[in-house]
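Have a look at the structure below before the remarks.
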Amino acid sequence: DAKTTQPNSMESNEEEPVHLPCNHSTISGTDYIHWYRQLPSQGPEYVIHGLTSNVNNRMASLAIAEDRKSSTLILHRATLRDAAVYYCILRVVAGGTSYGKLTFGQGTILTVHP
Amino acid sequence: DGGITQSPKYLFRKEGQNVTLSCEQNLNHDAMYWYRQDPGQGLRLIYYSQIVNDFQKGDIAEGYSVSREKKESFPLTVTSAQKNPTAFYLCASSITGANTEAFFGQGTRLTVV
């Protein structure tokens, strides 16, 4: 299975932008890049996903490198409610033994300072 | 409300007993997943199912069993063979396909004493 690598932790100040990096050098051509976040003692929450082009939604933006070997989740103005563990995962398309598998890594702990 | 429900939120069992965790979804999703999370760690995949009456082992299936008799339900049994069953268990569901988001339940915290 293709793996992702994220920094263990990052810090930000409130109302500043946050760029959370993710490396996925073994990504296959059709794997989707997904981001989730998890607050303490809760289930993960979907944030955003993309394939090749940059994506924006109400929560965040996803910037995908041209070679797709890395991506960056961008929170444009961090709030205290954005403090969470952020997971970057690759979702496998149809076919193959890993079809449908949804595998999480260790994630990045984001701390937001007031 | 549509969503995915795990019950109970907290569960206590004596060592050596099997215990079944419930996961129900009314989102009409084909795919369902079970994860285990230990303190300070990420999620580890136990089992997943893409369709009724079919499921696959994840990365840490030993000591666990599942069934998928109905589309809405994917119960997880933690057997006495699981060496360290105390953990936070999370269930998720999604439409089949890589271009779809997964929805998670609120989890069940299992403590074995």
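Protein sequences appear in the order of chains A and B. Counting from 1, position 85 in the first sequence corresponds to residue 90 in the working numbering; the numbering is continuous, with no gaps. Counting from 1, position 96 in the second sequence corresponds to residue 104 in the working numbering; the numbering is continuous, with no gaps. Even glycine gets a Cβ: it sits at the ideal position worked out from N, Cα and C.
Cα-Cα, which of the options is closest to residue i?
| i | options | result |
| --- | --- | --- |
| V120(B) | G11(B), R21(B), T28(B) | R21(B) |
| A68(A) | Y37(A), A88(A), P49(A) | Y37(A) |
| P12(A) | P119(A), E21(A), C27(A) | C27(A) |
| E23(B) | L98(B), A100(B), T87(B) | T87(B) |
| E77(B) | Y18(B), V60(B), G71(B), I68(B) | V60(B) |
| E109(B) | A88(A), T10(A), I94(A) | I94(A) |
| S33(A) | Q111(A), S75(A), S66(A) | S75(A) |
| T31(A) | P119(A), R63(A), L115(A), R73(A) | R73(A) |
| T84(A) | H118(A), R42(A), Q43(A), I53(A) | H118(A) |
| Y43(B) | Q25(B), D67(B), Q33(B), N34(B) | D67(B) |
| G50(B) | V90(A), L115(A), V97(A) | V90(A) |
| G115(B) | L84(B), Q90(B), N107(B) | L84(B) |
| T9(A) | V97(A), G110(A), T57(A), T116(A) | G110(A) |
| L118(B) | P16(B), E32(B), G11(B) | P16(B) |
| V27(B) | I103(B), S102(B), P93(B), N107(B) | P93(B) |
| T1(A) | S46(A), E50(A), T35(A), S17(A) | With chain A covering 6 to 119 only, the question about residue 1(A) has no answer from this structure. |
| E71(A) | M64(A), A65(A), R63(A), N59(A) | N59(A) |
Opposite residue i in the DSSP bridges: which residues?
| i | result |
| --- | --- |
| I94(A) | H39(A) |
| N28(A) | T10(A), S75(A) |
| T108(B) | Paired residues: none, contrary to the question. |
| P86(B) | It should be pointed out that residue 86(B) corresponds to Val in this sequence rather than to Pro. For V86(B), which the question treats as bridged, DSSP gives the partners V27(B), Y72(B). |
| F96(B) | Q45(B), R117(B) |
| S130(B) | Here chain B has residues from 9 to 121 only, and residue 130(B) is not among them. |
| L107(A) | R96(A) |
| S21(B) | Sequence check: residue 21(B) is Arg here, not Ser. Looking at the DSSP assignment, R21(B) forms a beta bridge with V120(B). |
| I142(A) | Residue coverage of chain A in this structure runs from 6 to 119, which leaves residue 142(A) outside it and unanswerable. |
| L44(A) | DSSP output for L44(A) lists no bridge partner at all. |
Would you please state the rounded distance, in angstroms, between the beta carbons of residue i and residue j? I believe it to be under 8 Å.
| i | j | result |
| --- | --- | --- |
| Y55(B) | F63(B) | 6 Å |
| F112(B) | G112(A) | Actually they do not touch by this definition, with Cβ atoms about 14 Å apart. |
| D38(B) | K79(B) | 7 Å |
| Q58(B) | L98(B) | 18 Å between Cβ atoms; not a contact. |
| Y41(B) | L53(B) | 7 Å |
| Q106(B) | R42(A) | Here residue 106(B) is Ala; the residue named in the question, Gln, does not match the sequence. The pair is not a contact, with the Cβ atoms about 19 Å apart (cut-off 8 Å). |
| N50(A) | T116(A) | Asn is not the amino acid found at residue 50(A); the sequence shown has Glu there. Contact flag wrong, Cβ pair sits at about 18 Å. |
Exercise for review: Report the residues of the region 51-76 of chain B with a CB closer than 9 Å to any CB of chain A, ordered along the chain.
Suggested key: L51, R52, L53, Y56, S57, Q58, Q64, G66, D67
Point to revise | Under 9 Å (Cβ pairs) to chain A, residues found in the region 99-115 of chain B | key: C99, A100, S102, T104, G105, A106, N107, T108, E109, A110, F111, F112, G113, Q114, G115
Point to revise | At least three beta-carbon pairs within less than 8 Å, the region 75-90 of chain A to the region 18-27 of chain A | key: yes
Check your understanding: In the region 26-43 of chain B, which residues sit with their C-beta less than 8 Å from some C-beta in chain A, listed in chain order?
Key -> A39, Y41, Y43
Review point. Which residues, in order along the region 71-98 of chain A, keep a beta-carbon less than 9 Å from a beta-carbon of chain B?
Key: V90, Y92, L95, R96, V97, V98
Point to revise | Short-range partners of chain B found in the region 18-50 of chain A, where Cβ spacing is below 9 Å | key: T35, D36, Y37, H39, Y41, Q43, S46, Q47, G48, P49, E50
Exercise for review: Closer than 8 Å, Cβ to Cβ, to anything on chain B: give me those residues from the region 51-71 of chain A, in chain order.
Suggested key: Y51, H54, L56
Point to revise | Against chain B: residues of the region 106-119 of chain A by CB proximity under 8 Å | key: K106, L107, T108, F109, G110, Q111, G112
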